[in-house]
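Novice: For the sequence shown, my numbering assigns the number 162 to the initial residue and increments by one for each residue that follows. Submitted below is the structure of interest, expressed as structure tokens.
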Amino acid sequence: MDFSFLQDALGNIPMVKNYMVISMIFSLPDSTSSTDVERSIRSGLDTLSDSFPHLKGHVIHDDKSSKDGHDDIGRVRIYSFNEANEDHISLTIKDLRSESDFPSLETLRKARFPLSMLDGQILVPYHLIPPCFELLYQDSPDRPARVLFFQANFINGGLILTIAANHTTMDMNGLGSVIELFAQACRGEAYTEQQLREVNQSRRDAVPLLGDDYTPGPEAEWFIMKTQNSWTELANKKTKDGPEDEKEGQTSPAVCRMFTFSPMSLVKLKAEASVQTTAPFISTNDAVTALLWQTISKVRAERYKNTTSPSSNTTANSDSCADFRTTIARQVDSRRHFNLSRLYGGHMATSVFSTSTNVWRLHLGEVSAQLRLALSDPDVPFHLRAIATLVHRPQYRPRIAYAANLNFDRDVVISSWADVKCCFSSSLFSMGDSPSKPTILAFVVTVVVVGVVTAMSLMNAQIIAWVVTRPLKFFINSTQKKMEKSGGKFWKSKVDALKRRRDGYLQTHILEKGAENDQAKNSQVPRPEEEESRPTKLWYIGFWFWYIGQRIWIIGFLIWYIGLIFGWRLSLLAQRIWLWLWLWLDRRWFYFVVSLSRGQDKRAMNNEDDNGSPHAAEASEPTDSAAVAQNNDLETQVETKIPSNNSGVSQSARPQGEVDLEAQVPHD
């Protein structure tokens, strides 16, 4: 089968002659049969290879030239196997459940999956991958460089599925698309025509070349090695300007370290990085990258204390490294710059660079903004076209590399896999012939949750206030009965205070307020409702915070629950939405309280006429407004009458012992 349409220029960069390896860990119930899992994996791989046959091929590196004499773009070629037993994607099955040295899934989970407990010599099918020499594999007829390897490692409590992809045929985003398509096949879901068309599209003209008259300029400075040797020299490059104990030897050995950020920590980190005015937007990726750049540079600067600076013949003392200049390179996906689908499987990665002096002394927001603006550089597509053009030329190809001229004793390279589709939209394995569906119980529970949320959304503030005051009223009545039996004065004062508080709640949320007495307002006698106005207002504000907060929480929980049933994509989206809303409320709650209080004051002012008398509109004509309150023990009504002359408040006769809602003040 001819796969020449899949040959792209960027796949010929020498430094990508290696394998990308990723392991995904799954939890398997004890009742799950390993045979069923293996059958599901093989079925998914068969479907994947039938729809995209180049994935079961192998890679051959040659230097053939085209008929017109120009060096052909296809130095890396994909071929299909002729042998029948090789006409499939390689799958290795390894059972580690009987290996006492290999940890169980529970042990890995408690240790938070450290790389030190994931031995690559066991989990990766190195017996099939061509041996590596100076970071580059060496293919041979007996060990061909396959496009794709799979190895299923069964451990106690779960499965570790390892996938190794030939980097010359795809970048990391391309591997993410392959993983996503493989998961879809394992679930028994058929591929769409759009998926088949986008994955199998031609790669030869994906990046337009600049032409034979192009001469490398500043845009190629970071990608062409200054030495005339091949890129392999870069792998064993000696440190030229490091500390004295490392100048003559190799660079210090690479050390792998893992740092875990909780979701809430990422939210706070992004909020801190967003305190800037340069970039219109700061992503979480920008914030984390800026933090890594700052911390790594600060630690490395310590190594240069009391040593000669490479950029100037000065000595850096213990207090300052004023000339510690570092550069960071970020690998970015350029598919969007060339209107390519995210399912495009070829190479579309390039590097963007940012340089700063003493970057750890800058604010996190300033560094994050610098990184964000570098991604928005309009020259990024031109840079990628320049790289593809130079790779197409044999005199430049051996010296082309990403971040070729960085000083790795100082500089940093960041490659993010945050957008790789490794979290599938549902369960990876469907043990039946059809994709897994939500159970009836889950559907019923979802309907019930939706109904409860809808019903609570229809409830208004008055109904909830009425419900909230029921326990308080019950307590007042029971306490009053105890008081009547004991006849103590102490209990009577407590009940009166609770009644006034209860009446304040009812008056705020249920009863309609009447006009205030001018004479009572000017009197020096303190009024009970004035004493209770402040706690009532605070309760009202607190109630609305609870009212809004519980709805946000319920809606967020509902989205998360639906995502848990129908797919992890919605679940992750719900987590982001919920965290964003929580941060938004946390930062703006004070302004919400102030605006609510000002709104109440404005409504109170609107109820006064030009002469300062309340309810002037009602005072123009004789009107009556009644406010009704009900006591459980007395069952009496309290009527407030507003006379037309607006001179005062006249109260109807009340039974003895009634607690008035209006002010009890002397009248002239």
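We put the beta carbon where it would ideally sit given N, CA and C, even for glycine. These numbers come from a predicted model, not from an experiment.
Could I get the ranges of all uninterrupted beta strand (DSSP E) runs contained in the region 197-223, with 3 residues as the minimum, in chain order?
Specialist: Correct list: 219-222.
Novice: Apart from the five residues just before and just after Pro275, which ones in its own chain have a Cβ nearer than 7 Å to its Cβ?
Specialist: In the sequence shown, residue 275 corresponds to position 114, counting from 1. Only Met419 meet the Cβ criterion.
Novice: What number of angstroms, rounded off, separates the C-alpha of Ala562 from the C-alpha of Val528?
Specialist: On the sequence shown, residue 562 is found 401 positions in, with the first residue counted as 1. On the sequence shown, residue 528 is found 367 positions in, with the first residue counted as 1. Straight-line Cα distance between these residues: approximately 26 Å.
Novice: Cα separation between Ala451 and Ala415?
Specialist: Residue numbering aside, residue 451 sits at position 290 when the sequence shown is read from its first letter. Residue numbering aside, residue 415 sits at position 254 when the sequence shown is read from its first letter. Straight-line Cα distance between these residues: approximately 21 Å.
Novice: Grab me the residues of Glu690's own chain with a C-beta within less than 6 Å of its C-beta, minus the 5 sequence neighbours each way, in chain order.
Specialist: The residue given as residue 690 occupies position 529 in the sequence shown. Residue placement at Glu690 cannot be trusted, given a pLDDT of 44 that sits under 50; what the coordinates show is reported in the next sentence. Closer than 6 Å at Cβ, skipping near neighbours: no residue.
Novice: Exposed or buried, Lys271, counting other C-beta atoms within 10 Å across all chains shown (16 or more means buried)?
Specialist: Mapped onto the sequence shown, residue 271 falls at position 110. With fewer than 16 other Cβ atoms within 10 Å, it is exposed.
Novice: Which same chain residues end up closer than 7 Å to Asp538 when comparing Cβ atoms and leaving out the 5 residues on each side of it in sequence?
Specialist: Taking the sequence shown and counting its residues from 1, one reaches residue 538 at position 377. Excluding positions up to five away in sequence, the list reads Val513.
Novice: Classify Ser165 as helix, strand or coil using the three-state DSSP reduction.
Specialist: One-based indexing of the sequence shown puts residue 165 at position 4. Residue state, collapsed to three classes: helix.
Novice: When you compare each of Phe310, Met176, Pro305 to Ala326 by their alpha carbons, which one comes out closest?
Specialist: As a position in the sequence shown, residue 326 is number 165, starting the count at 1. For the residues Phe310, Met176, Pro305, the minimum Cα distance to Ala326 belongs to Phe310.
Novice: Helix, strand or coil: how does DSSP classify Leu427 here?
Specialist: By 1-based counting over the sequence shown, the position of residue 427 is 266. In this structure, Leu427 counts as helix in the three-state DSSP scheme.
Novice: Within its chain, find whatever has a CB closer than 6 Å to the CB of Ile709; leave out the 5 residues flanking it on each side and keep chain order.
Specialist: Counting from 1 along the sequence shown, the entry for residue 709 is found at position 548. If we look at Ile709 and ignore the five residues flanking it on each side, it has no Cβ neighbours.
Novice: Beta-carbon separation of Lys217 and Tyr298 under 9 Å?
Specialist: Residue 217 sits at position 56 when you count from the first residue of the sequence shown. Residue 298 sits at position 137 when you count from the first residue of the sequence shown. Not closer than 9 Å, so no.
Novice: Please state whether DSSP places Gln312 in a helix, a strand or coil.
Specialist: The residue you call residue 312 lines up with position 151 of the sequence shown. The answer is strand: DSSP assigns Gln312 an E or B state.
Novice: Round the Cβ separation of Asn361 and Phe213 to the nearest angstrom and send it over; I've been treating them as touching at under 8 Å.
Specialist: By 1-based counting over the sequence shown, the position of residue 361 is 200. By 1-based counting over the sequence shown, the position of residue 213 is 52. Right, their Cβ atoms sit about 7 Å apart.
Novice: Is the beta carbon of Ile250 less than 9 Å from the beta carbon of Phe315?
Specialist: Locating residue 250 in the sequence shown gives position 89, counting from the first residue. Locating residue 315 in the sequence shown gives position 154, counting from the first residue. Not a contact, by the Cβ cut-off of 9 Å.
Novice: Is it buried or exposed for Gln168, if we count other Cβ within 10 angstroms and need 16 for buried?
Specialist: As a working note, residue 168 is residue 7 in the sequence shown. So Gln168 ends up on the buried side.
Novice: Please determine, among Pro377, Ala351, Leu206, Arg238, the residue with the shortest C-alpha to C-alpha distance to Leu322.
Specialist: As a working note, residue 322 is residue 161 in the sequence shown. Nearest option by C-alpha distance: Leu206.
Novice: Can you have a look at Arg533 and say buried or exposed, based on whether 16 or more other CB atoms are within 10 angstroms of its CB?
Specialist: Start at 1 with the first residue of the sequence shown, and residue 533 comes out as number 372. The residue in question, Arg533, is buried, as its Cβ has 16 or more Cβ neighbours within 10 Å.
Novice: Given this structure, state the Cα-to-Cα distance separating Gly373 from Ser265, to the nearest angstrom.
Specialist: As a working mapping, residue 373 is identified with position 212 in the sequence shown. As a working mapping, residue 265 is identified with position 104 in the sequence shown. At residue 373 the sequence reads Asp, which differs from the Gly that was named. Each residue's alpha carbon lies about 58 Å from the other.
Novice: Spell out the partners DSSP gives Lys255 in its beta bridges.
Specialist: By 1-based counting over the sequence shown, the position of residue 255 is 94. DSSP lists Asn314 as partners of Lys255.
Novice: When the Cα atoms are used, what is the spatial distance from Ala547 to Ile385?
Specialist: For the purposes of this step, residue 547 is taken as residue 386 along the sequence shown, with counting starting at 1. For the purposes of this step, residue 385 is taken as residue 224 along the sequence shown, with counting starting at 1. Going by the C-alpha atoms only, they are around 11 Å apart.
Novice: Tell me whether the beta-carbon of Phe166 lies closer than 9 Å to the beta-carbon of Arg364.
Specialist: By one-based count along the sequence shown, residue 166 stands at place 5. By one-based count along the sequence shown, residue 364 stands at place 203. Yes; because the gap between Cβ atoms is below 9 Å, this pair is in contact.
Novice: At what residue ranges does the region 504-563 contain a whole run of the alpha helix (DSSP H), taking only runs of 4 or more?
Specialist: Complete alpha helix (DSSP H) runs here, min 4: 525-536, 541-552.
Novice: In the DSSP assignment, what are the bridge partners of Gln882?
Specialist: What the structure shows of the chain is the stretch from 162 to 829, and residue 882 is not part of that stretch, so it cannot be assessed.
Novice: Where does Gly335 sit, in a helix, a strand or coil, going by DSSP?
Specialist: For the purposes of this step, residue 335 is taken as the residue at position 174 of the sequence shown. Reduced to three states, the DSSP call for Gly335 is helix.
Novice: Have a look at Arg522, Gln355, Gly507, Met181 and flag the residue whose alpha-carbon is nearest the alpha-carbon of Gly281.
Specialist: To locate residue 281, count along the sequence shown from 1; it is residue 120. Checking every option, the nearest Cα to that of Gly281 belongs to Met181.
Novice: If you drop the 5 nearest sequence neighbours on each side, which residues of the same chain put their C-beta closer than 8 Å to that of Val541?
Specialist: The residue labelled residue 541 in the question sits at position 380 within the sequence shown. Here the set comprises Val493, Ser495, His498, Thr511, Val513.
Novice: Cβ of Ser458 less than 9 Å from any chain B Cβ?
Specialist: Included in the structure is just one protein chain, with no chain B present.
Novice: Taking the alpha carbon of Thr208 as the reference point, which residue from Ser426, Ala535, Ala346 has its own alpha carbon closest?
Specialist: Translated into the one-based positions of the sequence shown, residue 208 becomes position 47. Out of Ser426, Ala535, Ala346, Ala346 has the C-alpha closest to the C-alpha of Thr208.
Novice: Between the alpha carbons of Leu567 and Lys387, how many angstroms are there, rounded?
Specialist: Along the sequence shown, read from residue 1 onward, the residue named residue 567 stands at position 406. Along the sequence shown, read from residue 1 onward, the residue named residue 387 stands at position 226. In a straight line, the C-alpha of Leu567 is about 11 Å away from that of Lys387.
Novice: State the Cα-Cα distance for the pair Phe569 and Asn173, rounded to the nearest angstrom.
Specialist: Translated into the one-based positions of the sequence shown, residue 569 becomes position 408. Translated into the one-based positions of the sequence shown, residue 173 becomes position 12. Computed Cα separation, rounded: 24 Å.
Novice: Can you tell me whether Gly526 is buried or exposed, with buried defined as 16 or more other CB within 10 angstroms of its CB?
Specialist: Your numbering for residue 526 matches position 365 in the sequence shown. Flag for Gly526 reads buried.
Novice: Tell me Arg238's beta-bridge partners as DSSP assigns them.
Specialist: Locating residue 238 in the sequence shown gives position 77, counting from the first residue. Per DSSP, Ile221.
Novice: Considering only DSSP beta bridges, list what Arg307 is partnered with.
Specialist: Counting from 1 along the sequence shown, the entry for residue 307 is found at position 146. Looking at the DSSP assignment, Arg307 forms a beta bridge with His219.
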